[in-house]
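Novice: Last residue of the sequence shown: 420 in the working numbering, with the numbers rising by one and none dropped.
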Amino acid sequence: MPTKTEALIKQIAIAKKSSIEQLVPVLAGEDNRPLWQKADEIRKKYCGNEVHLRGIIEFSNFCRCNCLYCGLRKENKVLPRYRMKPDEIVAIAKDAYQVGYKTIVLQSGEDPYYTKEVLSYVIRKIKELGEIAVTLSIGEREYQEYAQWKKDGTDRYLLKHETADSVLYQKLHPHSSLEKRIEGLRWLKSLGYQTGSGFMVGLPGQTLETIAQDLLLLKDLDVEMAGIGPFIPHPQTPLGQEIKTIDSSLLTLKAVALARIILKRTHLPTTTALEVATNTNAFCAGANVIMRKVEPLAYRQLYEIYPQAFDEEKTLAQERKAVEEYIRSFGRTVSTTKGDAIKIEQQKYEEAD
Ligand code: SF4
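1. For Leu318, report the span of its alpha helix (DSSP H) as first-last.
2. In whole angstroms, what separates the C-alpha of Gly265 from that of Leu275?
3. Comparing the CB of Ile409 with every heavy atom of ligand 1, is any distance shorter than 7 Å?
4. So is the beta-carbon of Leu139 under 7 Å away from any non-hydrogen atom of ligand 1?
5. Here's a check: name, in chain order, each residue in its chain whose Cβ is nearer than 7 Å to the Cβ of Lys161, leaving out the five neighbours to either side.
6. Can you list, in chain order, the stretches of the beta strand (DSSP E) that have 3 or more residues and sit fully within the segment 254-296?
7. Can you tell me which residues form a DSSP beta bridge with Gly122?
8. Does the beta carbon of Ile372 fall short of 7 Å from some heavy atom of ligand 1?
9. So the alpha helix (DSSP H) Leu186 belongs to, where does it begin and stop?
10. Start and end of the beta strand (DSSP E) containing Tyr224?
11. Counting along the chain, where does the beta strand (DSSP E) carrying Leu203 start and finish?
12. Please check if any C-beta of chain B sits within less than 8 Å of the C-beta of Glu379.
13. Are Ala279 and Val323 touching if we call contact CB-CB under 8 Å?
14. Here's the rule: buried if 16 or more other CB atoms are within 10 angstroms of the residue's CB, otherwise exposed. What is Leu225?
15. For the alpha helix (DSSP H) that contains Thr72, what are its first and last residues?
16. Measure the C-alpha to C-alpha separation of Val185 and Ile124 and round it to an integer number of angstroms.
17. Note down, in chain order, each residue of its chain lying with its Cβ closer than 7 Å to the Cβ of Gly307, except the 5 sequence neighbours on either side.
18. Cβ of Arg359 within 8 Å of Cβ of Leu120?
19. If the criterion is Cβ atoms closer than 8 Å, does the pair Asn133 and Pro271 meet it?
20. Please report the residue range of the alpha helix (DSSP H) in which Ala158 lies.
21. Please tell me whether, using a cut-off of 7 Å, the distance from the CB of Gly206 to the nearest non-hydrogen atom of ligand 1 is below it.
22. Under the three-state reduction of DSSP, which class applies to Arg248: helix, strand or coil?
23. For Leu135 versus Pro305, is the C-beta spacing smaller than 8 Å?
24. For Lys217, tell me which candidate among Lys227, Glu246 and Ser187 has the shortest Cα-Cα distance.
25. I'd like the list of long-range same chain contacts for Gly206, defined as Cβ closer than 6 Å, with 5 residues on each side in sequence excluded.
26. Leaving out five residues on either side along the sequence, give the residues of the same chain with a beta carbon under 7 Å from the beta carbon of Lys227.
27. I'd like to confirm the pairing. Which residues does DSSP put opposite Pro336 in its beta bridges?
28. Can the beta-carbon of Asn405 be found less than 8 Å from the beta-carbon of Lys169?
29. Would you say Glu177 touches ligand 1, meaning its beta carbon is less than 7 Å from a heavy atom?
30. Here's the rule I'm using: 16 or more other beta-carbon atoms within 10 Å means buried, otherwise exposed. How should Arg131 be labelled?
31. In this structure, what does DSSP give as the bridge partners for Glu117?
32. Tell me whether Cys132, by its Cβ, gets closer than 7 Å to a heavy atom of ligand 1.
33. Tell me where the alpha helix (DSSP H) around Arg395 begins and ends.
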């Protein structure tokens, strides 16, 4: 006889559209074994055993925004700021490609210093390196900019919705609105980007119902990637002044597992924030992607959305070897492809057949 949790998880797995009423008891439940098992089973069935590695270049920590939780916020005057030169970004991408990274994620605060033309140059130069995917993660920009960067060869765009509660969204992001964020995500989809969204777990004011709404929004947006990470307070931010510590890592893992069960083929990374908080990984809860910073250590230490510790500096090749060993220690294989959206991969396979 299945337990109530097992029966609910089964219903969620087969439902075309699950409901808040189904998701909340699973998020609140104490027996998580069936949740990890189902997420792992679905990950295996739809995504296989491969883990995709992404190399992130955090090329600027300037930001015009003032999000209440983020260490890069404009009002954080304590943080030393940096901007990489376009050719420096390309050189780092080249080094990362040479040690095996086939996706480069270009990430920054919202920094208009990097105009449409400057980023076009960087994207085109990186695409010339070879069989490599480019993902942008640079916040909200104009439609024409998204359109140009797609023409330049950009494959993917990450724009997390952060929370599906519009009132909470507005409070945390004084410069924008949830509506505008979703409009941006729909633009990106319409332009043909493999589109990623995601949210934080453990935000003050967030309820289990909100997390359920976050999961349903990902389904509604039909995202190809979803980053779900714990809220970690940063002392130089208004939220970090309010809340000193919070451990939402278990709840985050549950949300990742439910995302896998609901979304099936979507790429789900084990996020850096989750590793920081749990000292563990989400591979056993449905994740199939891992991201690694590839810029020099001096920059990594200044890209502090939330506080984190860093190992001593190693070469990119040594770091790549270590992360590959880490992946294999879970019985998983390291992908040798660009790791496009799984729908696209399948389409290519069917076309070649
Ligand atoms: S979350 Fe993004 S947009 Fe907001 S302050 Fe941080 S870097 Fe800027």
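Idealized CB from N, CA, C, for every residue including glycine.
Specialist: From the atom records:
1. Ser316 to Leu330
2. In this model, Gly265 and Leu275 are separated by some 16 Å (Cα to Cα).
3. no
4. Yes, the Cβ of Leu139 comes within 7 Å of a heavy atom of ligand 1.
5. Leu196
6. 261-268
7. Ile171 and Arg359
8. yes
9. Lys183 to Lys194
10. For Tyr224, the enclosing beta strand (DSSP E) begins and ends at Arg223 to Leu225.
11. Ala200 to Ser204
12. Judged by its chain identifiers, the structure shown contains no chain B, having just a single protein chain.
13. no
14. buried
15. Lys71 to Ile81
16. Distance between the alpha carbons of Val185 and Ile124 is about 16 Å.
17. These residues qualify, in order along the chain: Pro300 and His301.
18. yes
19. The answer is no: Cβ separation not under 8 Å.
20. Pro153 to Gln165
21. yes
22. helix
23. yes
24. When the alpha-carbon of Lys217 is set against those of Lys227, Glu246 and Ser187, the nearest one is in Ser187.
25. Glu177
26. Ser264, Gly265, Phe266 and Gly294
27. Looking at the DSSP output, Pro336 shares a beta bridge with Val356.
28. The question names Asn, but residue 405 is Lys in the sequence shown. Contact flag set, yes.
29. yes
30. exposed
31. Thr400
32. yes
33. Leu383 to Arg395
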